[in-house]
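Enquirer: Just passing along the structure, written as structure tokens.
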Amino acid sequence: MDTETTILDRKTSSDHATLADKFNLDEPRVDWHDKTLWFIRKKRDKAASQLQEWEQLRAVASDIKNNVLANLHTYLLAFERNAQQNGITVHWASDAAEHNKIVHKIIEKTGIKQVVKSKSMLTEECHLNAYLKTQGIEVIDTDLGERIVQLAGEPPSHIVLPCIHWKKEEIGELFSHHLGTPEGNSDPQFLTAAARIHLRQHFMSSRLAITGVNFAVAETGEIVVCTNEGNADLGVQLADVHIACVGIEKIIPLRKHLGVFLRLLARSATGQPITTYSSHFQKPRKGQEMHIVLVDNGRSKRLGSADFRNALKCIRCGACMNTCPVYRRSGGHSYHYAIAGPIGAILAPGLDMKKHADLPFASTLCGSCSNVCPVKIDIHDQLYKWRQLLAQNRKVGITKRVGANTMAYILSHHTLYTFAGTAGRWLMKYVPFIISNRFNPWYKQREMPKPPEHSFARWYHQNRNFK
Amino acid sequence: MSSRDHILEVIRKNQPKGLPLQEIAFSDGEPFDKISKFTTVLESIGGTVIPINEWGEVEAYLNQRFSTEKRWVNLVPELRNLAPLADFTEDPHLLENVMVAILPGHFGVAENGAVWITEELMGDRALPFICEHLALIIRAENIFPTLHDAYTHIDKSQYGFGTYIAGPSKTADIEQSLVLGAHGPKSLMLFLITET
Numbered sequence: 012m013d014t015e016t017t018i019l020d021r022k023t024s025s026d027h028a029t030l031a032d033k034f035n036l037d038e039p040r041v042d043w044h045d046k047t048l049w050f051i052r053k054k055r056d057k058a059a060s061q062l063q064e065w066e067q068l069r070a071v072a073s074d075i076k077n078n079v080l081a082n083l084h085t086y087l088l089a090f091e092r093n094a095q096q097n098g099i100t101v102h103w104a105s106d107a108a109e110h111n112k113i114v115h116k117i118i119e120k121t122g123i124k125q126v127v128k129s130k131s132m133l134t135e136e137c138h139l140n141a142y143l144k145t146q147g148i149e150v151i152d153t154d155l156g157e158r159i160v161q162l163a164g165e166p167p168s169h170i171v172l173p174c175i176h177w178k179k180e181e182i183g184e185l186f187s188h189h190l191g192t193p194e195g196n197s198d199p200q201f202l203t204a205a206a207r208i209h210l211r212q213h214f215m216s217s218r219l220a221i222t223g224v225n226f227a228v229a230e231t232g233e234i235v236v237c238t239n240e241g242n243a244d245l246g247v248q249l250a251d252v253h254i255a256c257v258g259i260e261k262i263i264p265l266r267k268h269l270g271v272f273l274r275l276l277a278r279s280a281t282g283q284p285i286t287t288y289s290s291h292f293q294k295p296r297k298g299q300e301m302h303i304v305l306v307d308n309g310r311s312k313r314l315g316s317a318d319f320r321n322a323l324k325c326i327r328c329g330a331c332m333n334t335c336p337v338y339r340r341s342g343g344h345s346y347h348y349a350i351a352g353p354i355g356a357i358l359a360p361g362l363d364m365k366k367h368a369d370l371p372f373a374s375t376l377c378g379s380c381s382n383v384c385p386v387k388i389d390i391h392d393q394l395y396k397w398r399q400l401l402a403q404n405r406k407v408g409i410t411k412r413v414g415a416n417t418m419a420y421i422l423s424h425h426t427l428y429t430f431a432g433t434a435g436r437w438l439m440k441y442v443p444f445i446i447s448n449r450f451n452p453w454y455k456q457r458e459m460p461k462p463p464e465h466s467f468a469r470w471y472h473q474n475r476n477f478k
Numbered sequence: 005m006s007s008r009d010h011i012l013e014v015i016r017k018n019q020p021k022g023l024p025l026q027e028i029a030f031s032d033g034e035p036f037d038k039i040s041k042f043t044t045v046l047e048s049i050g051g052t053v054i055p056i057n058e059w060g061e062v063e064a065y066l067n068q069r070f071s072t073e074k075r076w077v078n079l080v081p082e083l084r085n086l087a088p089l090a091d092f093t094e095d096p097h098l099l100e101n102v103m104v105a106i107l108p109g110h111f112g113v114a115e116n117g118a119v120w121i122t123e124e125l126m127g128d129r130a131l132p133f134i135c136e137h138l139a140l141i142i143r144a145e146n147i148f149p150t151l152h153d154a155y156t157h158i159d160k161s162q163y164g165f166g167t168y169i170a171g172p173s174k175t176a177d178i179e180q181s182l183v184l185g186a187h188g189p190k191s192l193m194l195f196l197i198t199e200t
């Protein structure tokens, strides 16, 4: 085992616990963040409860996605063939770097220097914007939330609500600096109107538009893009060239399956019955050039893992984030990956186990994520499985490793266990500072419980004959 | 080996054995009034539903609200008197000054207030998104209960471009405050033909 790759408990500047600590310095803000996301979770519950077939929908969606994983080879070939017949150029990218190069090559051929892009988590995953910048091409993100974080020089903190961690006063200040809005005006209506004017100029002048893809239909070769703002459509319909970037797992077999997924997506994401626009792009507009870039970036490898392949069913609704008690109180940036929250925590280690070894531990394993997931991904089980795998590969910190091993040893030795119990109770009673100090992470932000007078075993022994 | 062949090869090797696709069959559930459901849902997401019995009512409604000095674009033959039928040979960027666009939709979906419209009804793909206000017209009998029914109806038709439009464009990205009119239309009027 390579000990070089072992991450010690030495806090690096980028692990989840450290970044969450930073987020937690401002307690009222954490409360506000927590409540905002819980509000969205409740809207999701309300929308779900209005459909009596909700659970059946989830089951069907999960079955379809399982079928996709089992037949991905066939479906991808069918999608490619049908898309090509529709007049679309299909590209394949093994990894993020190849994806970025393909996109750049298409742009380069047109000579265009500024492009508009609607929300696409895949391009975040591939760091497309940063790459294009090095090639002298500016990307304007057109989703309002994404534009806000882009102006601030940050990545999105949530896959559906990119600037959920921003307060309107801060956005007012940001806009005043970048868009010239009057200082001190933080009215959402006003700021949105300012962004509309600002981005409309870019829609009008950009001849190339990049979009993500929510669903790619094998049967018809069409792609579906969902937005509330209409930014994907405004970008594409006014551009000469449309590039759609899609992860290979976004394929669904038949057009009619859109009925299942579109019923689940917006309800799970924000509690809306459907997004304002669900646009089906089957053929390019007359005179328009359309490209689809199919991206692997670790997905085909994950497909071979029985424990973790299910994560490929994800439709990126964000419901698992909104419900997660850890996400709500640590913020999206604490996950230091394009996709935050529980789903990000099981996706990221698949790409780089060492870099993201902390993420499967950013969970209480409460299982709420799995319960809201519209495609029934066993998210919390996978978090647990990642922890085991990380421990086997010595990717967990020394305290955790030694602690867990010691615990396992004590729990499997009866006399030692009894002694440890007695010792623990005595210590907590007479010298509590041995346990209640800053070196004990369990003492942080909470009081230790009062030690019981004696063990359960003793109590049981004394009481079992009494009725 | 090209990336394409390599990706496909790894997938072929790694994909699990799986179940065949099941037929999707959803119980119809409690029967509901499609028109009232459609109306309630669309109004709850920011749209306005205007039931009409004759074409003149569309004219009256729009004339009262929008200045005829501004640019109107109409694609409904029955409303030729209101605004001449548009003809699209021009650059879509020139549609930027359209105040009102009046378009026929194929059908509505009761459960989510969406209207399905394909490009031959739009004139130009950009129009429903670039106009300031959008008026859609459908017949009440063309409302389906759910999206499953909608896709059964769409079936295998070819459309180049088609979209569901459910209300005006909107965003809640700033502190979850709902604002209508993000990048697209600031209002959506849905004229529902109940007779005629």
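Same order as they appear, the protein sequences are chains A and B.
To convert a position in the first sequence, counted from 1, into this note's numbering, add 11.
To convert a position in the second sequence, counted from 1, into this note's numbering, add 4.
Built from N, CA and C at the ideal position, the CB exists for glycine as well.
(1) Compute the Euclidean distance between the alpha carbons of M152/A and Y428/A, then round it to the nearest angstrom.
(2) Run through DSSP, which three-state label would E123/B get?
(3) Let's see if you can read the secondary structure: which residues bound the beta strand (DSSP E) around E78/B?
(4) Could you list which residues in chain B have their beta carbon closer than 7 Å to that of W103/A, in chain order?
(5) My guess is that V228/A and L265/A are in contact by the Cβ rule of under 8 Å, so how many angstroms apart are they, rounded?
(6) Please classify Y338/A: is it buried, with 16 or more other beta-carbons within 10 angstroms of its beta-carbon, or exposed?
(7) P149/B versus chain A: which residues are under 8 Å apart at the beta carbon?
(8) Along chain A, in chain order, which residues have C-beta atoms closer than 7 Å to that of A143/B?
(9) Given this structure, state the Cα-to-Cα distance separating Q95/A from A322/A, to the nearest angstrom.
(10) Report yes or no: do three or more beta-carbon pairs, one from the segment 344 to 358 of chain A and one from the segment 408 to 423 of chain A, lie closer than 8 Å?
(11) Under the assumption that Q248/A contacts R129/B (Cβ atoms under 8 Å), give the Cβ distance between them as a whole number of angstroms.
(12) Within the continuous alpha helix (DSSP H) that includes R158/A, where are the two ends?
(13) Using alpha carbons as the reference points, say which of P463/A, Y86/A, E109/A, T287/A lies closest to H187/B.
(14) Residue range of the alpha helix (DSSP H) that V247/A falls in?
(15) Contact criterion: CB-CB distance below 9 Å. Does E124/B meet it with respect to chain A?
(16) Please report the residue range of the beta strand (DSSP E) in which M103/B lies.
(17) Please identify the residue among N18/B, M193/B, I142/B, L131/B whose C-alpha is closest to the C-alpha of E82/B.
(18) Here's the rule I'm using: 16 or more other beta-carbon atoms within 10 Å means buried, otherwise exposed. How should Y471/A be labelled?
(19) Taking 7 Å as the limit between beta carbons, can you name the residues of its chain near R16/B, skipping five residues before and five after?
(20) How far does the alpha helix (DSSP H) with T198/B in it reach, from first residue to last?
(21) Got a sec, what are the start and stop residues for the beta strand (DSSP E) D152/A sits in?
(22) Just the Cα atoms here: how many angstroms apart are P360/A and R313/A?
(23) Check whether chain B comes within 9 Å of H268/A, counting only Cβ atoms and requiring the distance to be less than that.
(24) Find out if the Cβ-Cβ distance for the pair A243/A, G258/A is shorter than 9 Å.
(25) Please classify T72/B: is it buried, with 16 or more other beta-carbons within 10 angstroms of its beta-carbon, or exposed?
(26) Anyone know if the C-beta pair for E149/A and L143/A falls short of 9 Å?
(27) So K128/A is in the alpha helix (DSSP H); what residue range does that whole segment cover?
(28) Look at the alpha carbon of F30/B and the alpha carbon of S216/A, and state the distance between them as a whole number of angstroms.
(29) On the three-pair Cβ rule with 8 Å, is the segment 90 to 102 of chain B touching the segment 119 to 136 of chain B?
(30) Could you say which of D318/A, K440/A, I51/A, F214/A lies nearest to Q19/B if we only look at CA atoms?
(31) Give me the residue from L172/A, S289/A, L36/A with the minimum Cα distance to I51/A.
(32) Do L182/B and S173/B come within 9 Å of each other at the CB atom, strictly closer than that value?
Expert: Well, looking at it:
(1) Looking at the sequence itself, residue 152/A is Asp, so the reference to Met does not match. Those two C-alpha atoms are separated by around 58 Å.
(2) helix
(3) First, the amino acid is wrong: residue 78/B is Asn here, not Glu. It spans 75 to 78 - the beta strand (DSSP E) in which N78/B sits, taken as one unbroken run.
(4) S7, R8, I11
(5) 7 Å
(6) buried
(7) None at all; the shortest Cβ gap to chain A is about 12 Å.
(8) According to the sequence shown, residue 143/B is Arg rather than Ala. Correct list: empty, because the minimum Cβ distance to chain A is about 21 Å.
(9) 29 Å
(10) no
(11) 5 Å
(12) 155 to 162
(13) T287/A
(14) 242 to 248
(15) no
(16) 102 to 108
(17) I142/B
(18) exposed
(19) none
(20) First-last for T198/B: undefined, no H or E at that position.
(21) 149 to 152
(22) 11 Å
(23) yes
(24) no
(25) exposed
(26) yes
(27) Per DSSP, K128/A belongs to no alpha helix (DSSP H); it is in the beta strand (DSSP E), 125 to 128.
(28) 46 Å
(29) yes
(30) D318/A
(31) L172/A
(32) no
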